[in-house]
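full-length UniProt numbering applies: residue 1 is where the sequence shown begins, and numbers increase by one.
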Amino acid sequence: MTHASPDILCIGSVLWDVIGRSASHMRVGSDLPGRISRLPGGVALNIAMTLRRFGMTPALLTTIGKDDEGRELLRACERMGLLTEYVYLSEDLPTDRYMAVEGANGLIAAIADAHSLEAAGEKILTALEDGRLGSAQAPYRGPVALDGNLKTELLEMIAGSPLFAEADLRVAPASPGKAERLAPFLNHGRGTLYVNLEEAGYLCQSTFRESAEAAEALIKRGAARALVTDGGRSASESDGRSTITQTPPEVLVTRVTGAGDTFMAAHIVAEARGEARESALTTALRAAATYVSGETPL
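The structure is reproduced here in structure tokens:
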């Protein structure tokens, strides 16, 4: 097992992605030829893999079952250069899975089975309080990428916890249906939120026409900082003082799952190497566009 020092923590879902893709347009009830793949995935892992490709050394804080799928997943993470020594290994919880169907017209349907992550709860944070990564008296001071697959109670705890008082929190929902779980970060005014237009609508209990409007609404609701994407149309970042908006590069979309995670990871890396706001947003949009076109952003 790797024992290097992490320069970012990725907290949340690490699971198997089972993705079915068809080159044709699909609708409910479609039965078409395509390809089915099983790959390591989950919001936290997708972000970690991208961070690693950009040269960072992420550590995973999650739960993985001690079943065959879990052992295989753990080995896959280690081969990618991700630090797994802080993962909570469960004797009785199965390794989580995500299943999606995508067509040429985008995501058709998806089911996230992250019940084990939810059941493990705050056990995944043990290394942040037992001194290995930090403690309440000497909290972890680096960047943290956090995904919204965690239970609402745990996200509420993290938003106000002294364990994260010095951390640079970067937060993303797992899906539009789970976006409201991020409300504690609005209430506590902590962290940078990465959401799409639909997720911003859920968080603000409203409907937005474009990303700048949504980003500014999140700030008004209490967010310390917000980045809102709107597919190929626009992306905006607001920090309460000003809002910047850019248009993503035009590309042929060949995949959708993981694009938001790639955007978030690329933005974190850009800022870590000192890029200014405009440049960091451009870098993130280019990386996400490269990803959805089927290439690997580097």
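Beta carbons: idealized from backbone N, C-alpha and C, even for Gly. All figures in this text were calculated on a predicted structure; none of them were measured in a lab.
Pull up the CB-CB distance for V14 and L60, whole angstroms please, since I reckon it's below 8 Å. The residue you call residue 14 lines up with position 14 of the sequence shown. The residue you call residue 60 lines up with position 60 of the sequence shown. Contact holds; Cβ gap of about 6 Å.
Beta strand (DSSP E) segment containing L83, residue limits: Position 83 of the sequence shown holds residue 83. No beta strand (DSSP E) holds L83; DSSP gives it neither H nor E.
Which first and last residues belong to the alpha helix (DSSP H) in which L107 is found? Translated into positions along the sequence shown, residue 107 becomes position 107. Premise fails: L107 lies in the beta strand (DSSP E), 106 to 113, not in any alpha helix (DSSP H).
Pick out whichever of K178, A109, T50 has its Cα sitting closest to the Cα of G81. In the sequence shown, residue 81 corresponds to position 81, counting from 1. Here the closest residue by C-alpha is T50.
When burial is assigned at 16 or more other CB atoms within 10 Å of the CB, is A4 buried or exposed? Reading the sequence shown from its first residue, position 4 is the one you call residue 4. So A4 ends up on the exposed side.
Pick out the complete alpha helix (DSSP H) segments inside the region 32 to 56, 4 residues or longer, and give them in chain order. 43 to 53
Assess contact between the region 29 to 38 and the region 182 to 196, defined as three or more Cβ pairs (one per stretch) separated by less than 8 Å. Is contact present? no
Runs of beta strand (DSSP E) lying entirely within the region 169 to 242, each at least 3 residues, in chain order: 192 to 196, 225 to 230, 234 to 238
Which term fits I219, buried or exposed, when burial requires 16 or more other beta carbons within 10 angstroms of its beta carbon? Counting from 1 along the sequence shown, the entry for residue 219 is found at position 219. Flag for I219 reads buried.
For P249, tell me which candidate among A212, E216, A145, D230 has the shortest Cα-Cα distance. By one-based count along the sequence shown, residue 249 stands at place 249. Ranking A212, E216, A145, D230 by Cα distance to P249 puts D230 first.
Hey, how far is the Cα of L281 from the Cα of D92? Here residue 281 refers to the residue found at position 281 when the sequence shown is read from its first residue. Here residue 92 refers to the residue found at position 92 when the sequence shown is read from its first residue. Distance between the alpha carbons of L281 and D92: 42 Å.
To the nearest angstrom, report how far apart L285 and L73 are at their CA atoms. The residue you call residue 285 lines up with position 285 of the sequence shown. The residue you call residue 73 lines up with position 73 of the sequence shown. Straight-line Cα distance between these residues: approximately 29 Å.
For a quick check, are the C-beta atoms of A136 and P162 less than 9 Å apart? Along the sequence shown, one-based indexing puts residue 136 at 136. Along the sequence shown, one-based indexing puts residue 162 at 162. Yes, Cβ-Cβ distance for A136 and P162 is below 9 Å.
Would you kindly work out how many angstroms separate the C-alpha atoms of A76 and I64, rounded to a whole number? The sequence position of residue 76 within the sequence shown is 76, counting from 1. The sequence position of residue 64 within the sequence shown is 64, counting from 1. One C-alpha to the other measures close to 12 Å.
On the DSSP letters alone, give me the boundaries of the beta strand (DSSP E) that Y98 sits inside. Taking the first residue of the sequence shown as 1, we reach residue 98 at position 98. Looking at the DSSP string, the run of the beta strand (DSSP E) that includes Y98 is 97 to 103.
In the DSSP assignment, find the unbroken alpha helix (DSSP H) run with G160 in it and report its ends. The sequence position of residue 160 within the sequence shown is 160, counting from 1. Unbroken alpha helix (DSSP H) run through G160: 152 to 160.
Give me, in chain order, the residues of the same chain whose beta-carbon lies closer than 6 Å to that of A165; leave out the 5 immediate sequence neighbours on both sides. Residue mapping note: residue 165 aligns to position 165 of the sequence shown, counting from 1. Excluding positions up to five away in sequence, the list reads P139.
Determine the DSSP secondary structure at V269, reduced to helix, strand or coil. Residue 269 sits at position 269 when you count from the first residue of the sequence shown. Helix, per DSSP.
Judging by CA-CA distance, which residue of T62, G274, A259 is the nearest neighbour of T95? Position 95 of the sequence shown, counted from the first residue, corresponds to residue 95. Among T62, G274, A259, the Cα nearest to that of T95 belongs to T62.
How is the beta strand (DSSP E) around R277 delimited, first residue to last? The sequence position of residue 277 within the sequence shown is 277, counting from 1. Not the beta strand (DSSP E): R277 falls in the alpha helix (DSSP H), residues 277 to 292.
With a threshold of 6 Å on Cβ separation, who are the neighbours of F54 within its own chain once the five nearest residues in sequence on each side are excluded? Sequence index remark: in the sequence shown, residue 54 carries index 54 (1-based). Contacts found: V269.
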